[in-house]
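Scroll down for the structure; my scribbles are underneath it.
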Amino acid sequence: MKAYLRKEWQSMKRIAQVMYINPDSYDKYAKRHAEIWPEMQKALKDHGATNYSIYLNRANGQTLAYLEVPDVATYNAIAETDICKKWWHYMEPIMKTNPDESPVADDLEEVFHLD
1424 MKAYLRKEWQ
1434 SMKRIAQVMY
1444 INPDSYDKYA
1454 KRHAEIWPEM
1464 QKALKDHGAT
1474 NYSIYLNRAN
1484 GQTLAYLEVP
1494 DVATYNAIAE
1504 TDICKKWWHY
1514 MEPIMKTNPD
1524 ESPVADDLEE
1534 VFHLD
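Going letter by letter, the sequence shown gives residues 1424 to 1538 in my numbering.
Encoded structure:
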């Protein structure tokens, strides 16, 4: 039996990144994401983010962020929105950031995938 996938599922790009949370801020980081602003959720969805999860390793302060997007360029454009910049400013005191307050995020290479 041949499996049929919706076209958009076939073209989804998977993104995985590691970010770094300050040691005294793990609970704040988790709480802020549990209470993510509706405007930030909308911006993520409007820029194509789906299946978005963040995992926190409390042993070393690293997070693993995973999401799927139909188009990486469209997703990356979220960085130019006011709400994203406001979110970065809100998160800056509790995590490692770049000079523009964006989180330091190391892209991970996918080496295995199983559908």
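Don't be surprised by glycine CBs; every beta carbon is placed ideally from N, CA and C. Note that this is a predicted model, so its numbers are computed, not measured.
Item to check | Pairwise C-alpha distance: Pro1461 and Glu1533 | outcome: As a working note, residue 1533 is residue 110 in the sequence shown. As a working note, residue 1461 is residue 38 in the sequence shown. For Glu1533 and Pro1461, the distance between alpha carbons rounds to 30 Å.
Checklist entry - Hey, how far is the Cα of Met1514 from the Cα of Met1463? => result Taking the first residue of the sequence shown as 1, we reach residue 1514 at position 91. Taking the first residue of the sequence shown as 1, we reach residue 1463 at position 40. Taking the straight line from one Cα to the other gives about 13 Å.
Checklist entry - Hey, out of Ala1466, Asn1483, Lys1454, whose CA is closest to Lys1509's CA? => result The residue labelled residue 1509 in the question sits at position 86 within the sequence shown. The option with the nearest alpha carbon to Lys1509 is Ala1466.
Checklist entry - Can you tell which of Pro1446, Ala1502, Val1492 has the C-alpha that lies nearest to the C-alpha of Asn1483? => result Working through the sequence shown from its first residue, we reach residue 1483 at position 60. Taking only the C-alpha atoms, the option nearest Asn1483 is Pro1446.
Next on the checklist: From the DSSP secondary-structure annotation, give me the bridge partner or partners of Met1518.
Outcome noted: Position 95 of the sequence shown, counted from the first residue, corresponds to residue 1518. Ile1444.
Checklist entry - Anyone know if the C-beta pair for Ser1434 and Ile1517 falls short of 8 Å? => result Here residue 1434 corresponds to residue number 11 of the sequence shown, with the count starting at 1. Here residue 1517 corresponds to residue number 94 of the sequence shown, with the count starting at 1. No; because the gap between Cβ atoms is not below 8 Å, this pair is not in contact.
Next on the checklist: Taking the alpha carbon of Leu1487 as the reference point, which residue from Cys1507, His1536, Leu1537, Asp1530 has its own alpha carbon closest?
Outcome noted: Along the sequence shown, read from residue 1 onward, the residue named residue 1487 stands at position 64. Nearest of Cys1507, His1536, Leu1537, Asp1530 to Leu1487, Cα basis: Asp1530.
Checklist entry - Per the contact definition of three or more C-beta pairs closer than 8 Å, is the segment 1520-1529 in contact with the segment 1450-1461? => result no
Item to check | Cut-off 7 Å between Cβ atoms - residues of its own chain near Tyr1427, not counting five sequence neighbours on either side | outcome: Walking along the sequence shown from the start, residue 1427 turns up at place 4. For Tyr1427, the predicted model reports a pLDDT of 47, less than 50, meaning its position is unreliable; a value from the coordinates is still stated below. Nothing listed; no residue qualifies.
Next on the checklist: Determine whether the beta carbon atoms of Val1441 and Gly1471 lie at a separation below 8 Å.
Outcome noted: For the purposes of this step, residue 1441 is taken as residue 18 along the sequence shown, with counting starting at 1. For the purposes of this step, residue 1471 is taken as residue 48 along the sequence shown, with counting starting at 1. Their beta carbons are not under 8 Å apart, which means Val1441 does not touch Gly1471 by this criterion.
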